[in-house]
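Accompanying notes for the structure given below.
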Amino acid sequence: MSAPVVTRFAPSPTGFLHIGGGRTALFNWLYAKRFGGKMLLRIEDTDRERSTEAAIAAILDGLQWLGITWDGDVVYQFARAARHREVAEKLLAEGKAYYCYASPQELEEMREAARAAGKPMRYDGRWRDRDPSEAPAGVKPVIRLKAPTEGETVVDDQVQGRVTWQNKDLDDLVLLRSDGTPTYMLAVVVDDHDMAVTHVIRGDDHLTNAARQTQIYQACGWDIPMFAHIPLIHGPDGAKLSKRHGALGVDAYRSLGYLPAALRNYLVRLGWSHGDQEFFSTEEMIAAFDLSGVGRSPARFDFAKLEHLNGHYMRASSDEELVKAIEVILPEVGPAKGAPAQLSPELRAKFVAAMPGLKERAKTLVELIDSAYYLYAQRPLSFEPKAEQLLADGGRARVAALLPALKALPEWTAASTEGAVRAFAEETGAKLGQVAQPLRAALTGRSTSPGLFDVMAVLGREESLARLEDQAAKA
RNA sequence: GCUCCCAUCGUCUAGCGGUCUAGGACGUCGCCCUCUCACGGCGAAAACAGGGGUUCGAGUCCCCUUGGGAGCGCCA
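Residue numbering for the first sequence follows UniProt numbering, beginning at 1 and increasing consecutively.
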């Protein structure tokens with residue numbers, strides 16, 4: 001009987017949930033689901049200066065939007081400080097850790113000297129074997145781990161393979177700060193142990209930390225969890241995905257008009273693969289996910305591919321789902337694009353009716369809103385340059401000539417208007433496109449749109465004829 | 001500087017010694033479909049970083065070089 005799988009996502013609340021964190025959370029979640037285990041959520045808020053309530057809210061909100069759930073209550077690391085200190089003091093009592101009275105300035109000098117000499121920048125262990133009686137008066141000491149000086153520390157990583165460090169290269173890290181609060185290194189180990197975490201899946205910027213944490217586990221005599229360090233996501237330029245390179249919070253992707261399912265599918269394929277499969281439903285992801293499929297090299301973030309996936313998921317969505325998704329972001333992105341912040345029942349009905357033609361042509365919800373301009377546009381319409389050109393180049397005359405036939409239609413449907421327009425084109429010896437394009441321009445203000453006759457059907461007789469008359473009058 | 005990690009088309013990747021004249025996807029470029037734009041279909045260009053080994057045989061194993069990345073805090 002092996003212990004049930006327990007993974008955890010442990011962000012520090014110093015900012016929004018960025019895309020890399022989102023993927024880490026996704027991998028942890030998938031792994032837990034795959035093996036019938038649990039994913040825990042721990043907020044690493046021991047940095048009291050930088051942790052904020054707003055960031056915690058943003059992270060929780062981001063996870064929720066992505067559809068990633070966690071088991072049990074959220075664990076706040078700062079609340080466990082007493083337990084962390086207890087472990088540090090236990091190690092101290094057992095002789096596996098010691099008080100270090102070196103001042104920050106002393107440490108800085110040590111680093112400077114090492115840098116100047118081209119040596120590794122490590123703590124030199126000056127208090128490791130000194131008697132506490134030599135302690136300078138009035139200095140609050142930190143507690144450092146008495147790390148092994150010989151031999152090696154090995155991390156058997158599920159993604160990176162077997163990674164080895166010479167212990168002489170690792171220094172005595174601080175476990176407890178002079179103010180009695182735990183360092184990240186200690187807190188992570190104690191929490192993961194107490195939370196019974198079996199698999200630590202995180203970014204490979206933590207790979208070196210895994211070695212140092214392994215030493216803490218060993219000093220405590222605890223079982224070491226499986227480690228899996230996944231490669232980082234880079235920006236399109238290959239550099240680290242940083243804020244200045246446009247690293248966005250997941251909330252930004254929502255505003256950009258991406259669907260959670262699309263982002264999840266994009267993210268899971270960034271660094272992980274399952275043969276040639278590109279599309280994964282959530283169920284398929286869970287069934288197929290494993291650490292053995294995770295690659296070791298960093299991936300660049302590619303918006304073009306994300307857009308393609310998003311278009312795929314939009315087309316696969318029902319009209320009603322799409323309109324609902326639009327309504328979520330409309331208050332935020334609508335007004336700026338000249339669209340309403342909310343859909344009236346009448347407009348909403350038009351959106352639903354036009355959705356089949358609209359969703360074929362958009363890659364994001366924002367594009368969808370934009371291309372639906374003709375639905376919420378008020379007369380007189382504004383025209384894009386290309387549309388204006390179509391009308392100016394004899395288009396208005398054609399619209400005017402065709403108008404009587406459309407007005408005479410006994411019923412107003414896509415089929416009936418199409419019949420009238422085709423008949424008109426045939427009579428006048430024009431190609432359908434020569435008639436359709438000016439009509440499109442007059443009706444939508446654009447040179448591109450969903451099928452012309454669907455547009456007229458959704459707009460209705462009255463509005464369609466009014467827009468056409470607006471142009472015919474100027475012919 | 002020191003330690004560690006990585007390296008297949010522009011990008012994400014398949015490949016786990018022979019089935020690779022290297023496959024898929026995005027993007028790009030043609031053609032088809034067509035009332036526009038998309039979607040869809042068909043097709044094309046496009047990669048094993050370089051050099052040494054090991055082996056009957058290397059994209060696949062080892063070493064070096066080069067190029068990326070991460071870490072080196074009383075931050076997380």
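Beta carbons: idealized from backbone N, C-alpha and C, even for Gly. Please read these numbers as outputs of a predicted model, since none were measured by experiment.
Please identify the residue among 187, 153 and 157 whose C-alpha is closest to the C-alpha of residue 212.
153
If contacts are defined as beta-carbon pairs under 8 Å, then residue 250 and residue 67 qualify, I think. What distance do you get, rounded to the angstrom?
The Cβ separation is near 11 Å, so there is no contact.
Please go through the same chain and pick out, in chain order, the residues whose beta-carbon is closer than 8 Å to the beta-carbon of residue 380, but skip the five residues on each side of it.
470
Going by the CB atoms, is the gap between residue 200 and residue 42 shorter than 9 Å?
no
Report the partner residues of residue 97 according to the DSSP bridge assignment.
145
Thinking C-alpha only, which one of 44, 94, 308 and 33 is nearest residue 14?
44
Among the residues of its own chain, which have a CB less than 7 Å from the CB of residue 227, if the five just before and after it don't count?
155, 157, 158, 200 and 210
Residue 244 to residue 235, Cα distance in whole Å?
Confidence at residue 244 is low in this model, with a pLDDT of 46, below 50, so the placement of that residue should be treated as unreliable; the coordinate-derived value is given next. Their backbone Cα atoms lie some 10 Å apart in a straight line.
Going by DSSP in three states, residue 372 sits in which element: helix, strand or coil?
coil
Let me know if residue 257 comes out buried or exposed under the rule of 16 or more other beta-carbons within 10 Å of its beta-carbon.
buried
Starting from residue 58, follow the alpha helix (DSSP H) in both directions and report where the run begins and ends.
53 to 66
Leaving aside the five residues before and after residue 205 along the sequence, list all residues of the same chain whose C-beta is less than 8 Å from its C-beta, in chain order.
232
Please report the distance separating the alpha-carbon of residue 6 from that of residue 39.
6 Å
Span separating the alpha-carbon of residue 405 from that of residue 420:
7 Å
How about residue 333 and residue 351: are their beta carbons less than 9 Å apart?
no
Which residues DSSP lists as bridging residue 272, in chain order:
294
By how many angstroms is the C-alpha of residue 175 removed from the C-alpha of residue 26?
30 Å
With 16 other CB atoms within 10 Å as the buried threshold, where does residue 112 fall?
exposed
Residue 16 in three-state terms, based on DSSP
coil
How many whole angstroms separate the CB atoms of residue 443 and residue 376, which I take to be in contact at a CB cut-off of 8 Å?
In fact, because the Cβ distance is near 14 Å, the residues do not count as touching under 8 Å.
Given a threshold of 16 other Cβ atoms within 10 Å of its Cβ, counted over all protein chains shown, does residue 279 qualify as buried or as exposed?
exposed
For residue 277, report the span of its beta strand (DSSP E) as first-last.
Taken as a continuous stretch (DSSP letters only), residue 277 belongs to no beta strand (DSSP E), as it is neither H nor E.
Report the option in 198, 358 and 389 whose CA atom is closest to the CA atom of residue 316.
358
Contact between the segment 123 to 133 and the segment 83 to 100: three or more CB pairs below 8 Å?
yes
Would residue 120 pass as a contact of residue 215 if the rule is Cβ separation under 9 Å?
no
Could you name the residues of the same chain whose beta carbon sits closer than 7 Å to that of residue 165, not counting the 5 residues immediately before and after it, in chain order?
152, 153 and 211
Given a threshold of 16 other Cβ atoms within 10 Å of its Cβ, counted over all protein chains shown, does residue 396 qualify as buried or as exposed?
buried
On the three-pair Cβ rule with 8 Å, is the segment 328 to 344 touching the segment 280 to 297?
no
Helix, strand or coil for residue 256, going by three-state DSSP, please let me know.
coil
In terms of DSSP beta bridges, what is residue 359 paired with?
According to DSSP, which records beta bridges pairwise, residue 359 is partnered with nothing at all.
Going by DSSP in three states, residue 109 sits in which element: helix, strand or coil?
helix
By alpha-carbon positions, which one of 70, 28, 78 and 58 ends up nearest to residue 49?
78
State the Cα-Cα distance for the pair residue 403 and residue 409, rounded to the nearest angstrom.
10 Å
If residue 65 sits next to residue 260, beta carbons under 8 Å apart, how far is it from one beta carbon to the other, in whole angstroms?
6 Å
Residue range of the alpha helix (DSSP H) that includes residue 467
461 to 472
Can you give me the Cβ contacts of residue 74 inside the same chain, cut-off strictly under 7 Å, excluding the 5 residues immediately before and after it?
41 and 43
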